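Residue numbers (my numbering), protein chains in the order written: chain C, 6 to 273; chain X, 61 to 341.
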């Protein structure tokens, strides 16, 4: 790590042959895929939690809750193999051409969705991560939603609020800290996720604006290249990547835990 | 009464509630899609040969015997190493040092470890075990998995011991039982179901772990129970086979995926059933 200093963080090139290593591409890939994942998983996860706490008939609550949690139990490699053989070809034929056709002529969006539809790429990785993060967001937000004192909700219903208004103006403000904690926990998961991403990301060490282009993430780079790494510099570059990943996730998770702790204390 | 406002509120309520219903269906749909695809692709490859033969070279028949056995050995070993450490730590946190500063620090760090990226664990074990020993080994793989087991077990042990009502402890102490016996004979007994659940969850977690095994246990094409040599395991074999260009390897990967998923799902459902049957209310 010492060989490159701070440049390691901002250098895009990754060339084992000439021993030039820069971490920009993996870091960028990690952030982008996680961002896509959260963008999709958070609203859906919250809506499921709302459904489970406010709408769902009592006898269905447990089975659905367990089913969603089972999504978290499926090993990540299964998501990977499924993503590679089923999901990626599916996206390649349907969603991606559609995106290219729709946004191809709009200035900013056209760079986001440029290039041929490979199937694999950062968008696919982000979508798979979204499915994997979903159960974490759901189960934590459901737990904190359940912890809202019924008196508060009943008071709101009493003055004639609709269910949605109760959720929006009573439940969400009351549980905000906890929900953010849950989201951060999911984010920590998405950042560190290895196997599923390795399958579908495409492993290209470059920073590209298009979401359809193959990229790489920190964990995918390590998983792919570590056993093949020759030479001290190569190995230690990969370990430095691991360190960066660990620091990022540690910070995110620490924030998540701190927020969840705060809401636990308030509930008592 | 403002009728249009009322209608708008009703409409928005309807929209949001149907969105949440749709989101739930979407979530359940993913689960079903994944399971159906797994069954579809994996079941056709499932036969006796899968459990009795070695992994084949590309182009010939074979099974998954050595990775299955390797996975079992690694898992058992990891649980064997991780569980006692985790349980003792959990016991300290719940029984001896319940109000310590140390306990809250350990709990915080443990919670972070619980969701730390597993690939970082793999790197760590590589540095402290594989690099000094000079070669990949099954033992290193087991230790890496044990590092993942520990936080899960610590967490559940502590939670379950905290659920044990204090009067039970006081009753035991009042008849003159030493502290260690109170914990071993009273608390452990009361918290048994929960603690077993924790171990089951930990097993479910590690039996699908791939990332930390990639550069600790590596892989092995042949029958090997030697802990000092590279050892094959189901997830790593799936990883390798799925990314290979050979059709029959990909087939085996699906079959392996099916086996792992259903083992893991069975374990976590059992764990859940155990924990709810004992929970008060």
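We put the beta carbon where it would ideally sit given N, CA and C, even for glycine. In this text the structure is predicted, and so the values were computed from the model without any measurement.
Reference residue i; option with closest CA among the options
i                     : options                    : result
residue 256 (chain X) : X:107, X:141, X:327        : X:327
residue 75 (chain C)  : X:124, X:243, X:94, X:149  : X:94
residue 177 (chain C) : C:192, C:262, C:80, C:154  : C:154
residue 179 (chain X) : X:271, X:188, X:264, X:329 : X:271
residue 320 (chain X) : X:85, X:190, X:70, X:131   : X:131
residue 140 (chain C) : C:46, C:83, C:253, C:59    : C:46
residue 186 (chain C) : C:261, C:70, C:58          : C:261
residue 231 (chain C) : X:150, X:106, X:153, X:184 : X:184
residue 85 (chain C)  : C:265, C:263, C:58, C:136  : C:136
residue 315 (chain X) : X:73, X:191, X:214, X:104  : X:104
residue 180 (chain C) : C:54, C:31, C:49           : C:54
residue 302 (chain X) : X:317, X:292, X:290        : X:317
residue 221 (chain X) : X:143, X:88, X:249         : X:249
residue 133 (chain X) : X:293, X:322, X:331        : X:293
residue 191 (chain X) : C:130, C:63, C:219, C:240  : C:240
residue 254 (chain X) : X:204, X:177, X:214, X:181 : X:214
residue 177 (chain X) : X:205, X:219, X:159, X:278 : X:205
residue 202 (chain X) : X:324, X:83, X:157, X:263  : X:263
residue 261 (chain X) : X:330, X:151, X:233        : X:330
residue 141 (chain X) : X:298, X:223, X:208        : X:208
residue 270 (chain C) : C:220, C:149, C:175, C:258 : C:149
residue 32 (chain C)  : C:221, C:66, C:256, C:61   : C:221
residue 175 (chain C) : C:63, C:29, C:152          : C:152
residue 101 (chain X) : X:313, X:323, X:91         : X:313
Where the alpha helix (DSSP H) through residue i begins and ends
i                     : result
residue 166 (chain X) : 161-174
residue 180 (chain C) : 177-197
residue 168 (chain C) : 168-171
residue 89 (chain X)  : 63-103
residue 230 (chain X) : 226-234
residue 198 (chain X) : 198-223
residue 180 (chain X) : 178-185
residue 158 (chain C) : 155-163
residue 230 (chain C) : 223-230
residue 98 (chain C)  : 93-98
residue 141 (chain C) : 127-151
residue 269 (chain X) : Residue 269 (chain X) -> no alpha helix (DSSP H), and no H or E assigned at all.
residue 205 (chain C) : 200-206
residue 190 (chain X) : Looking at the DSSP string, residue 190 (chain X) is not in any alpha helix (DSSP H), and its letter there is neither H nor E.
residue 85 (chain C)  : 81-87
residue 322 (chain C) : An answer regarding residue 322 (chain C) cannot be provided, because it is not within the stretch 6 to 273 covered by chain C.
residue 138 (chain X) : 125-151
residue 78 (chain C)  : 63-78
residue 294 (chain X) : 294-302
Anticipated Cβ contact below 8 angstroms, residue i with residue j, distance rounded
i                     : j                     : result
residue 56 (chain C)  : residue 80 (chain X)  : 4 angstroms
residue 88 (chain C)  : residue 49 (chain C)  : Not quite, the Cβ-Cβ distance comes to about 18 angstroms (not below 8 angstroms), so this is no contact.
residue 51 (chain C)  : residue 146 (chain C) : 6 angstroms
residue 269 (chain X) : residue 295 (chain X) : 6 angstroms
residue 201 (chain C) : residue 81 (chain C)  : 5 angstroms
residue 192 (chain C) : residue 224 (chain C) : Residue 192 (chain C) to residue 224 (chain C), Cβ: 14 angstroms. No contact.
residue 138 (chain C) : residue 72 (chain C)  : So it is not a contact: roughly 16 angstroms between Cβ atoms.
residue 157 (chain X) : residue 218 (chain X) : At roughly 11 angstroms, the Cβ-Cβ gap does not stay under 8 angstroms, so residue 157 (chain X) and residue 218 (chain X) are not in contact.
residue 125 (chain X) : residue 111 (chain X) : 6 angstroms
residue 265 (chain C) : residue 183 (chain C) : 6 angstroms
residue 153 (chain X) : residue 166 (chain X) : 6 angstroms
Contacts of residue i in chain B (Cβ-Cβ under 8 angstroms)
i                     : result
residue 161 (chain X) : Given the protein chain composition of this structure (C and X), no chain B is represented.
So does the segment 124-141 of chain C actually touch the segment 198-205 of chain C, counting three or more Cβ pairs closer than 8 angstroms?
Output reads yes: the segment 198-205 of chain C touches the segment 124-141 of chain C.
So does the segment 189-196 of chain C actually touch the segment 33-42 of chain C, counting three or more Cβ pairs closer than 8 angstroms?
Proximity of the segment 189-196 of chain C to the segment 33-42 of chain C meets the contact definition, three or more beta-carbon pairs being nearer than 8 angstroms.
Short of 9 angstroms Cβ to Cβ, which residues in the segment 252-267 of chain C face chain X?
Listed by position along the chain: 254, 255, 258, 259, 261, 262, 263, 265, 266.
For the segment 236-249 of chain X against the segment 165-175 of chain X, do three or more pairs of beta-carbon atoms, one drawn from each stretch, fall closer than 8 angstroms, so that the two count as touching?
Counting Cβ pairs under 8 angstroms, fewer than three are found: no touch.
What are the residues of the segment 289-305 of chain X that lie near chain C, defined by any Cβ-Cβ distance shorter than 8 angstroms?
If you check each beta-carbon in the segment 289-305 of chain X against every beta-carbon of chain C, the ones closer than 8 angstroms belong to 295, 298, 299, 302, 303.
Taking any Cβ of chain X, which residues in the segment 167-200 of chain C have a Cβ under 9 angstroms from it, in chain order?
Residues passing the 9 angstroms Cβ filter: 167, 168, 169, 170, 172, 173, 190, 193, 194, 196, 197, 198, 199, 200.
Please name the residues in the segment 259-274 of chain X whose beta-carbon is closer than 8 angstroms to at least one beta-carbon of chain C, in chain order.
Cβ contacts with chain C: 264, 267, 268, 269, 270, 271, 274.
Name the residues in the segment 59-74 of chain C whose C-beta lies less than 9 angstroms from a C-beta of chain X; which are they?
Residues are counted here when their Cβ sits less than 9 angstroms from a Cβ of chain X; for the segment 59-74 of chain C these are 59, 60, 61, 67, 69, 71, 72, 73, 74, given in chain order.
Does the count of Cβ pairs from the segment 165-175 of chain C and the segment 236-246 of chain C closer than 8 angstroms reach three?
No, the segment 165-175 of chain C does not touch the segment 236-246 of chain C.
Quick check: the segment 225-232 of chain X against the segment 295-308 of chain X, are there 3 or more CB pairs under 8 angstroms?
The segment 225-232 of chain X is not in contact with the segment 295-308 of chain X.
Can you find at least 3 beta carbon pairs, one from the segment 194-205 of chain X and one from the segment 136-146 of chain X, that sit closer than 8 angstroms?
At 8 angstroms Cβ cutoff, the stretches touch.
Can you list, in chain order, the residues of the segment 305-326 of chain X whose Cβ is nearer than 8 angstroms to any Cβ on chain C?
Taking 8 angstroms as the Cβ-Cβ cut-off, the segment 305-326 of chain X approaches chain C at 310, 313, 314, 317, 320, 321, 324, 325, given in chain order.
Chain C contacts made by the segment 118-147 of chain X, where a contact means CB separation under 8 angstroms:
Residues of the segment 118-147 of chain X with a C-beta less than 8 angstroms from any C-beta of chain C: none at all.
Which of the residues in the segment 143-154 of chain C, read from start to end, lie with their CB under 8 angstroms from any CB of chain X?
Taken in chain order, the members of the segment 143-154 of chain C whose beta-carbon sits within less than 8 angstroms of a beta-carbon on chain X are 143.
Closer than 7 angstroms, Cβ to Cβ, to anything on chain C: give me those residues from the segment 72-85 of chain X, in chain order.
Cβ contacts with chain C come from 72, 73, 76, 77, 79, 80, 81, 83, 84.
Residues of the segment 34-47 of chain C with Cβ closer than 8 angstroms to any Cβ of chain X, in chain order
The residues in question: there are none.
Interfacial residues, the segment 78-103 of chain C to chain X, with Cβ spacing under 8 angstroms
Of all residues in the segment 78-103 of chain C, only 78, 79, 80, 81, 82, 83, 84, 85, 86, 87, 89, 90, 91 place a beta-carbon less than 8 angstroms from a beta-carbon of chain X.
Could you list the residues in the segment 202-213 of chain X with a C-beta less than 7 angstroms from some C-beta on chain C, going in chain order?
Residues passing the 7 angstroms Cβ filter: none.
Relative to chain C, which residues along the segment 155-179 of chain X have a C-beta separation below 8 angstroms, given in chain order?
Of all residues in the segment 155-179 of chain X, 168, 171, 172, 175, 176, 177, 178, 179 have a Cβ within less than 8 angstroms of some Cβ in chain C.
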